[in-house]
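These notes concern the structure reproduced below.
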Amino acid sequence: MKIAMLGHKRIPSREGGVEIVVGELSSRMHEKGHDVTVYNRSGAHVSGKEFGTVDVKDYNGVKLKKVFTLNVKGLAAMTSSFCAAVCAAFGKYDVVHFHAEGPCAMMWIPKMFGKRVVATIHGLDWQRAKWGGFATKYLQFGEKVAAKCADEIIVLSKNVQQYFKDTYNRDTRFIPNGIDKMPMQDADIIKQNWGLEKDNYILFLGRIVPEKGILYLIKAFKSIKTDKKLVIAGGSSDTTDFMNEIEREAVDDDRIIFTGFIQGKTLEELYSNAYIYVLPSDLEGMPISLLEAMSYGNCCVVSSIPECTEVVQDKAVVFEQGNADALKNTLQSLCDTPDTVKKYKNGASDYICCKYNWDDVVDKTLELYER
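First residue of the sequence shown? That's 713 in the working numbering, and the numbers climb one at a time after it.
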């Protein structure tokens, strides 16, 4: 088949979970013999030009095409998805696969030209705190267009699947993300840069946005008695004011370290050597970082939102969403009982890598394409 994908920022990239998913799907579909074109945004990496990738036209056999993008908050996704949708409409594709709610607002364009269109809803993006006003309404509009126009809709959680059924009476296909088992790395770069060693830090890794619960994670951590550090790893995503807010909250506790956006071997070392991985989110689609953390055999602590609890089942520690005291007590208990942490570490990697497999994800997605 000839397949087009759009709606992400760019690949190869770790700017967000959507980019990781598009990279995995497209490259694995190419390996299976399909002709895949991915429409990348133009412009700089959201965390800064220094993190930008080399401008190439091929990634693991996938064709990369750059489209015009107006790099203004709230308009980048709109302009890039419009241009990509027009290109896809005039291209010789069997399937056009839209990723995320906002880009789905342009789904009618290739649909009008007779293309088969598939949407993956990575989360209910209009609920994110960084958006408001016009941006929120536009994201909701994209969701409605997907519900009406898409030949197939993929969702990443049972919670979102029920939402589409209740809101639009629309059936969707539940196909969660996948993960690969990763090799462990010694603490080398992270020791040189931040003095981090095996099991001497608690890790949060993800985009620095309000709905990740980072602010009350910092407040909870400041209240516990431990010599372990708290590492906040990630870059902002149109959220500079929030980044400044959490840095002010942490300024009086020298145990808290901000690494900024990280990737490559530094990322692998952070996952490999953490004592605990924490994801206190109020809103998620299906968190790639959680899958990655468990694939490295981490003891994970997650909030009680369905998008996290569906993933971890009984293989991680769950606390009440938004409850800073509950998070504080959970972290203190785990810092005081390393045997409990070890128990969760021992079962995490095998569980998550067996349950969520990229090859299964690709096969199920191709099945939807071919219907």
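Note that beta-carbon positions come from the ideal geometry of N, C-alpha and C, so glycine has one too. Every value quoted in this text rests on a predicted model; they were computed, and no experiment measured them.
Handout entry: N- and C-terminal bounds of the beta strand (DSSP E) containing Glu-813
Key = No beta strand (DSSP E) holds Glu-813; DSSP gives it neither H nor E.
Handout entry: Between the CA atoms of Glu-961 and Asp-1072 - distance to the nearest angstrom
Key = A straight-line Cα-Cα distance of about 43 Å links Asp-1072 and Glu-961.
Practice task
Check whether the Cβ atoms of Ser-1061 and Gly-1009 sit closer than 8 Å, and answer yes or no.
Solution key: yes
Practice task
Name the two residues that bound the continuous alpha helix (DSSP H) containing Glu-1022.
Solution key: 1018 to 1024
Problem - Three or more C-beta pairs below 8 Å linking the segment 888 to 895 and the segment 965 to 975 - result: no
Handout entry: Simplified DSSP assignment, three categories, for Phe-933
Key = Three-state result, Phe-933: helix.
Problem - Those residues which DSSP pairs with Val-872 across a bridge - result: Answer is none; Val-872 lacks a bridge partner.
Practice task
State yes or no: is the C-beta of Leu-718 within less than 8 Å of the C-beta of Phe-802?
Solution key: no
Exercise for the section: Given a cut-off of 8 Å, decide if Lys-1027 and Tyr-983 are closer than it, judged by their beta-carbon atoms. Expected result: Cβ atoms of Tyr-983 and Lys-1027: not closer than 8 Å.
Exercise for the section: Might you give, ordered along the chain, the residues of its own chain that have their beta carbon closer than 7 Å to the beta carbon of Asn-956, omitting 5 neighbours on each side? Expected result: none
Problem - Continuous alpha helix (DSSP H) stretch holding Arg-828: start and end - result: Here Arg-828 belongs to no alpha helix (DSSP H); instead the beta strand (DSSP E) covers 828 to 833.
Handout entry: Beta-carbon proximity of Pro-815 to Ala-789, cut-off 8 Å
Key = yes
Exercise for the section: For Cys-1065, write down the residues that DSSP places opposite it in a beta bridge. Expected result: Cys-1065 is not bridged to any residue.
Exercise for the section: Sort Ala-817, Ile-833, Gly-845, Val-807 by Cα distance to Lys-827 and report the nearest one. Expected result: Val-807
Handout entry: Collapsed DSSP secondary structure at Gly-972 in the structure displayed
Key = strand
Practice task
Hey, could you find the ends of the alpha helix (DSSP H) Thr-848 is sitting in?
Solution key: 846 to 861
Problem - DSSP bridge partner residues for Thr-914 (one or two, in chain order) - result: The sequence given here has Ile at residue 914, not Thr. DSSP output for Ile-914 lists Leu-942, Ile-988 as bridge partner(s).
Exercise for the section: Reducing DSSP to helix, strand and coil, say where Ser-1015 ends up. Expected result: Ser-1015 falls in the strand class under three-state DSSP.
Problem - Three-state secondary structure assigned by DSSP to Leu-995 - result: coil
Practice task
Give the secondary structure of Asp-747 by DSSP, where H, G and I count as helix, E and B as strand, and everything else as coil.
Solution key: strand
Handout entry: DSSP three-state assignment for Asn-1058, whether helix, strand or coil
Key = For Asn-1058, the three-state secondary structure derived from DSSP is helix.
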